[in-house]
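A.B. asks: One structure, pasted below without further comment.
Residue numbers (our numbering): 28 to 200.
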């Protein structure tokens with residue numbers, strides 16, 4: 028596979044006896060990524076072995092996805108994939124509208140305030156409810172939780188991995 032791969036989930040366990048896998052999603056577009064017929068790739072994080080797979084069926088269950096892949100009929104055939112990553116090839120990624128971003132584009136970006144202060148680097152994205160929250164690891168001190176709202180996130184430059192924010196009162200306490 029020559030196409031660049033992006034992580035969309037982690038295989039955390041098997042589910043039942045019929046070859047289904049429990050996937051922890053790491054994507055904004057889980058319903059689309061795990062849709063029947065989706066072309067994905069199992070990747071062993073240790074050896075980087077890659078196995079192309081196709082989604083046979085999927086359903087959401089307690090913030091996880093239970094996914095059955097074509098060609099796997101029994102728990103014994105899928106057990107060895109626990110701990111593997113689930114990835115998608117770049118060619119299957121959609122072009123996003125302006126002001127929407129993939130997780131991998133945001134994670135690792137430097138964050139500076141509109142006053143020029145370097146805040147830190149985005150380490151993860153949380154989806155607790157109405158809007159995403161970007162976690163900024165600081166060189167010292169507790170991480171900053173930035174709500175992804177227009178009042179806070181002023182400019183996102185994914186090409187230069189730089190995000191400009193306005194820090195509302197109380198965010199850095």
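Even for Gly, the Cβ is constructed at its ideal location relative to N, Cα and C.
Just so we're clear, the structure is a prediction, and the values are computed from it rather than from any experiment.
Examine the Cβ distances between the segment 58-70 and the segment 153-171 and report whether three or more of them are shorter than 8 Å.
C.D. replies: no
A.B. asks: Output yes or no for whether 8 Å exceeds the beta carbon distance between residue 100 and residue 43.
C.D. replies: The residue given as residue 100 occupies position 73 in the chain shown. The residue given as residue 43 occupies position 16 in the chain shown. No. Outside cutoff.
A.B. asks: Comparing alpha-carbon positions, which option in 62, 151 and 191 lies nearest residue 142?
C.D. replies: Your numbering for residue 142 matches position 115 in the chain shown. When each option's Cα is compared against that of residue 142, the closest is 191.
A.B. asks: What ranges does the beta strand (DSSP E) occupy inside the segment 45-103, keeping only unbroken runs of at least 3 residues that lie completely in it?
C.D. replies: Complete beta strand (DSSP E) runs here, min 3: 47-52, 66-70, 77-88 and 91-96.
A.B. asks: Could you give the first and the last residue of the continuous alpha helix (DSSP H) run that contains residue 42?
C.D. replies: In the chain shown, counting from the first residue as 1, residue 42 sits at position 15. Element bounds for residue 42: not the alpha helix (DSSP H) but the beta strand (DSSP E), 32-42.
A.B. asks: Could you pull out every residue in the same chain whose Cβ sits closer than 8 Å to the Cβ of residue 32, ignoring the five residues on either side in sequence?
C.D. replies: Numbered from its first residue, the chain shown carries residue 32 at position 5. If we look at residue 32 and ignore the five residues flanking it on each side, its Cβ neighbours are 68, 70, 77, 114, 115, 116 and 117.
A.B. asks: For residue 54, collect the residues of the same chain with a Cβ closer than 6 Å to its Cβ; drop the 5 residues on either side in sequence, then sort them by chain order.
C.D. replies: Taking the first residue of the chain shown as position 1, residue 54 is located at position 27. These residues qualify, in order along the chain: 35 and 60.
A.B. asks: Short of 7 Å in beta carbon distance, which residues of its chain neighbour residue 133, apart from the five on each side in sequence? Order them along the chain.
C.D. replies: Counting from one through the chain shown, the residue named residue 133 turns up at place 106. Excluding sequence neighbours, residue 133 sits near 149, 152 and 161.
A.B. asks: Helix, strand or coil, according to DSSP, for residue 188 in the structure here?
C.D. replies: As a position in the chain shown, residue 188 is number 161, starting the count at 1. Here residue 188 sits in coil by DSSP.
A.B. asks: Using DSSP bridges, identify the partner residues of residue 174.
C.D. replies: Counting from one through the chain shown, the residue named residue 174 turns up at place 147. Per DSSP, 160.
A.B. asks: Anyone know if the C-beta pair for residue 146 and residue 185 falls short of 8 Å?
C.D. replies: The residue labelled residue 146 in the question sits at position 119 within the chain shown. The residue labelled residue 185 in the question sits at position 158 within the chain shown. No.
A.B. asks: If you draw a straight line from the alpha carbon of residue 29 to that of residue 80, how long is it in whole angstroms?
C.D. replies: One-based indexing of the chain shown puts residue 29 at position 2. One-based indexing of the chain shown puts residue 80 at position 53. For residue 29, the predicted structure reports a pLDDT of 46, less than 50, and the residue's modelled location is therefore unreliable. The matter cannot be settled from this model.
A.B. asks: Going by other Cβ atoms of all chains shown within 10 Å of its Cβ, with 16 needed for buried, is residue 96 buried or exposed?
C.D. replies: Counted from its first residue, the chain shown places residue 96 at position 69. Residue 96 comes out buried.
A.B. asks: Determine whether the beta carbon atoms of residue 193 and residue 179 lie at a separation below 8 Å.
C.D. replies: In the chain shown, the residue the question calls residue 193 occupies position 166. In the chain shown, the residue the question calls residue 179 occupies position 152. Yes, they are a contact pair.
A.B. asks: If you follow the beta strand (DSSP E) that residue 145 is in, where does it begin and where does it stop?
C.D. replies: Position 118 of the chain shown, counted from the first residue, corresponds to residue 145. Residues 145-153.
A.B. asks: Taking residue 38 and residue 111 to be in contact with their CB atoms under 8 Å, please state how far apart those CB atoms are, rounded to whole angstroms.
C.D. replies: Residue 38 sits at position 11 when you count from the first residue of the chain shown. Residue 111 sits at position 84 when you count from the first residue of the chain shown. The pair is a contact, with the Cβ atoms about 5 Å apart (cut-off 8 Å).
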